[in-house]
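According to this note's numbering, the sequence shown is numbered sequentially starting from 296. The structure appears below as structure tokens.
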Amino acid sequence: MVANTRNEQQFFIRTLHHANHGSYVYCYLDGKGEYASTNLAEIKSYDKNYDTYVSLHAFSRYGRHAEDIQKITSIYFDLDMHANYANCPCPMSHIEECTDNTLKVLYDAIYGDEELPEPTIITRTSRGLGLFYVLDRSIVCEKGRNTGQVEFWKMIYRKLGDKIKSIIVPENNWLADDPKELLELDERVICDVTRVIRMPGTWNQTLGKECRVLFPEHLEDEPRYYSLKELESRVCGYGK
């Protein structure tokens with residue numbers, strides 16, 4: 296894991312919004328309010344002692360409304376213990392164990408069986424994992440533009456989500472006989488254009504845990520970006 300959290304913040308924003316020029320990125324610091332900026336440099340200077348979130352996609356003006364979405368940047372999946380935690384609170388040690396188990400299963404699917412394309416970024420969110428497949432070109436969708444491409448993005452998003460969901464179901468992986476649990480896919484996140492995500496290098500104040508970049512290990516390496524066509528080919532027959 297990378298030691299410098301400020302470097303992680305800069306890498307994260309630079310990679311996620313690499314194709315964003317002149318659009319607003321929404322920011323929220325719990326306890327300090329919210330703002331939006333077209334200047335990515337302003338978004339790199341977060342105080343890590345606050346719960347800090349940034350928008351996954353970009354907007355045409357200040358705020359975070361679906362009708363103002365201007366650019367779609369990526370496909371994002373949230374794997375966590377929220378559902379189980381709400382019904383039956385579990386200790387942080389159990390969440391961390393489930394996170395480690397799930398990460399092993401995902402790496403096996405990526406590098407072993409080649410069932411899953413390698414994410415651009417993986418974060419440890421404090422309650423689970425965040426998987427980001429960043430597009431090589433953002434989808435410009437303001438004022439109804441590129442509606443066909445947006446629908447194509449949604450289709451790929453759902454198919455990739457189904458693939459991940461099937462991989463982390465305990466009976467479908469090599470931890471089937473292990474009593475330890477795995478994280479769950481939060482399906483509410485899928486195709487949510489107003490989604491905000493926790494900034495790496497900042498703390499979850501409730502849990503007292505830090506969100507960090509797990510992958511890539513070397514931030515100076517060129518990030519792995521995807522076209523929708525490439526993701527389609529890999530989701531609908533990866534490695535075949």
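Here a beta-carbon is modelled for each residue, glycine too, at the ideal position from N, C-alpha and C.
- Going by beta carbons, residue 331 and residue 322 fall inside the 8 angstroms limit.
- Between the region 502-514 and the region 301-320, the count of C-beta pairs closer than 8 angstroms reaches three or more; the two stretches touch.
- Scanning its chain for C-beta atoms nearer than 8 angstroms, with the 5 sequence neighbours on each side dropped, one finds around residue 505 the residues 300, 343, 421, 496, 497, 498, 499, in chain order.
- Your pair residue 520 and residue 429 checks out as a contact, with CB atoms roughly 5 angstroms apart and the cut at 8 angstroms.
- Relative to residue 395, the option among 413, 405, 424 whose CA is nearest is 424.
- As DSSP reads the structure, residue 449 sits in no beta bridge.
- Between residue 493 and residue 484, the gap from beta carbon to beta carbon reaches 8 angstroms or more.
- Residue state for residue 500 is assigned as coil, using DSSP reduced to three classes.
- The beta carbons of residue 410 and residue 462 sit closer together than 8 angstroms.
- The Cβ atoms of residue 306 and residue 508 sit closer than 8 angstroms to each other.
- Using a Cβ distance threshold of 8 angstroms, residue 355 and residue 333 do not count as a contacting pair.
- Counted as a single uninterrupted DSSP element, the beta strand (DSSP E) harbouring residue 330 occupies residues 328-332.
- Under DSSP, the beta-bridge partners assigned to residue 367 are 434.
- In the DSSP assignment, residue 491 falls outside any alpha helix (DSSP H) and lies within the beta strand (DSSP E) extending over 491-493.
- For residue 506, there is no enclosing beta strand (DSSP E), as DSSP marks it with neither H nor E.
- Taking all protein chains in view, the Cβ of residue 361 is surrounded by fewer than 16 other Cβ atoms within 10 Å, so the residue is classified as exposed.
- One alpha carbon belongs to residue 510, the other to residue 348, and they sit about 19 angstroms apart.
- Residue 451 and residue 437 have their C-alpha atoms spaced approximately 20 angstroms apart.
- Checking the DSSP bridge columns, you'll see residue 457 has no partner listed.
- Residue 429 has 369 as its beta-bridge partners, per DSSP.
- For residue 527, the three-state secondary structure derived from DSSP is helix.
- Nearest neighbour of residue 389 by Cα position, chosen from 399, 401, 376, turns out to be 376.
- Counting only residues of its own chain and dropping the five nearest sequence neighbours on each side, residue 365 has a CB closer than 6 angstroms to the CB of 318, 353, 354, 355, 437.
- Cβ neighbours of residue 345 within its own chain (closer than 8 angstroms, five residues either side excluded): 324, 325, 326, 327, 497, 498, 500.
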